Each structure stands twice: as structure tokens, then as C-alpha cells.
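Please read the structure below before turning to the comments.
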Amino acid sequence: MTDAIEENLGTLETISSSKFAAHIKREINDLEEMLKKMLKHLDKWVLAQKYWVTLDPIYNSGIFNSFFGDKT
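Right, dumping it as C-alpha cells:
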């Protein structure tokens, strides 16, 4: 998905550099901003998944049950 977003950003940059795109410059800028936000959020989501993969075995090991009982 990251590759597709980056590819679309490159395409928009190419379109934006054309003199024929002057009348849609605002729409291009809006799309670029939206794609950059999507890329930023996707990067954060991937990082969160990496952390979860690291923590999941700890949560499932039962160590918390020994500290807190069945309340977890």
C-alpha cells in the first residue's frame, strides 16, 4: 500500500509540473496532502503492529494473571 501511495504522489508531482495543470493545481495540492497524511498514518499503524507483535506473547503468557488475578 505504501508503494501505491508513493507512486501516486510521484504521478501527482509530474502532473503538477505541467503547464496544462494550472487550472487544477488546488485539487492536486489537496490530493497530495491527503496522500501524505495517509502515508503518515500507515507508517504509524505499521509501527503499532510491530509493537503489538512484540507484546502479544507477554500478554498471552499469563504473567499478568499471576499479578492481578482474573481481573485482566
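Just so we're aligned: 60 in the numbering used here is position 28 of the sequence shown, and the numbers increase by one with no gaps anywhere. We treat Cβ as the ideally placed atom computed from N, Cα and C, and that holds for glycine. Predicted, not measured: the structure shown is a model, and the values here were computed from it.
Environment of residue i [buried if 16+ CB atoms lie within 10 Å]
{"i": "THR86", "result": "exposed"}
{"i": "THR104", "result": "Any reading at THR104 is ruled out, since the residue's pLDDT is 48, under 50, leaving its predicted position unreliable."}
Whole-number beta carbon distance between residue j and residue i, since they are thought to touch under 8 Å
{"i": "ILE47", "j": "MET70", "result": "Contact flag wrong, Cβ pair sits at about 18 Å."}
{"i": "THR43", "j": "LEU74", "result": "With a Cβ gap of about 18 Å, THR43 and LEU74 do not count as contacting."}
Q: Pair every Cβ in the region 54–63 with every Cβ in the region 75–86, then say whether three or more of these pairs are closer than 8 Å.
A: no
Q | Secondary structure, alpha helix (DSSP H): runs of 4+ residues fully inside the region 36–95 | A | 57–92
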